[in-house]
Structure formats: C-alpha cells, structure tokens
Amino acid sequence: MKKWLIAAILIVLTVLIAVSIFLVLRFYSIYSSMESSDPEPSTQQTDVEAYIATLWPAFTCEYSDGSLTMTQTTTISYAGALSYGKEVYCDDLAPETYLSDAVAVAADVASHCGVSARVTFRFLSSDGEPIFTVSSDGTIWTCWGAEE
31 MKKWLIAAIL IVLTVLIAVS IFLVLRFYSI YSSMESSDPE PSTQQTDVEA
81 YIATLWPAFT CEYSDGSLTM TQTTTISYAG ALSYGKEVYC DDLAPETYLS
131 DAVAVAADVA SHCGVSARVT FRFLSSDGEP IFTVSSDGTI WTCWGAEE
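Residue numbers for the sequence shown, in our numbering: 31 to 178.
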C-alpha cells in the first residue's frame, strides 16, 4: 500500500512539473510574439502613414514635419454644412468628440513610430471643402463658426 501511495505521489508531482514547464514555455512564446508584432520605431513618413492606415482605414493620412493630417470626405455638401452644420454635427457627432481621438492617435504614433506629431482630423464636404477640423493641441475649427 505504501509503495502504491509513493508511486501515485511521484506521478502527480511529475505531471505538475511537466505542466508547469509547458505553461512557462507557452507564456514565453506568447510574450516573445507580442514584442515582435509592434512596428519598429521610425521617423519616416511612409511608416507613420502606413501605421495609421492600418488603424484608421476610413481616413487618408498625410505626415510631414511633425504634423499628421487625417482626412475623411463626408456626404454633406459645403452649402449644407454652412446652413445645417451646427444642427447636424451635434451631440455624438460634434467636432469636440474627435478631440480625444486626436490626442490618442498622437500618443499612439509617438509610442509605436517614435515621432511626436500634431494630429489633425479634417472632414471635407462632398465637394472637397473643409467642414471642420480637430487637432490634438485642442484647436477646433468649423465652417459654420467661421462664417458667423
């Protein structure tokens, strides 16, 4: 009976050690793959633009001299934006709601690409005119505010 108990304890300890070694190796492989999946820091324009294009595919982006401009074309005309922009772009669509996104993108670009950038979201009308812009430095411009 004592031999059977000792054998059972040895088998359980062997299984626990094997599982522990497996988990440590698995954790290490996951950790290693996470480190290698981040883009290498770079100050090149194409690297910043390519990185943002993967995260924000609805926007076209342009990076130059520490300024990242992310542009999206809307379906509203410029005349419509002048007339109804204040009523259309309110609540959840208000330009102010994009300020936190601009700050987050600036921090993300600094972290992953190694460059400090002023991020500007620019929204164009269907005819190509700017409707509003929001920058990570807190600057907000609207076409209906400029015309008042």
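Positions of the beta carbon are idealized from the N, C-alpha and C atoms, including for glycine.
- Ranked by how close their Cα comes to the Cα of Trp174, the residues His142, Tyr108 and Ala140 have Tyr108 in first place.
- One thing to note: Glu126 has its Cβ no nearer than 8 Å to the Cβ of Ile60.
- Tyr114 counts as exposed, since fewer than 16 other beta carbons sit within 10 angstroms of its beta carbon.
- Taking 8 Å as the cut-off, the beta carbon of Ala132 is found no closer than this to the beta carbon of Ser94.
- If you ignore the 5 residues before and after Ala140, its C-beta comes within less than 8 Å of the C-beta of Ser146 and Ala147, all in its own chain and listed in chain order.
- Relative to Cys143, the option among Trp34, Tyr81, Val42 and Ile41 whose CA is nearest is Tyr81.
- Taken through DSSP and simplified to helix, strand or coil, Ser166 comes out as coil.
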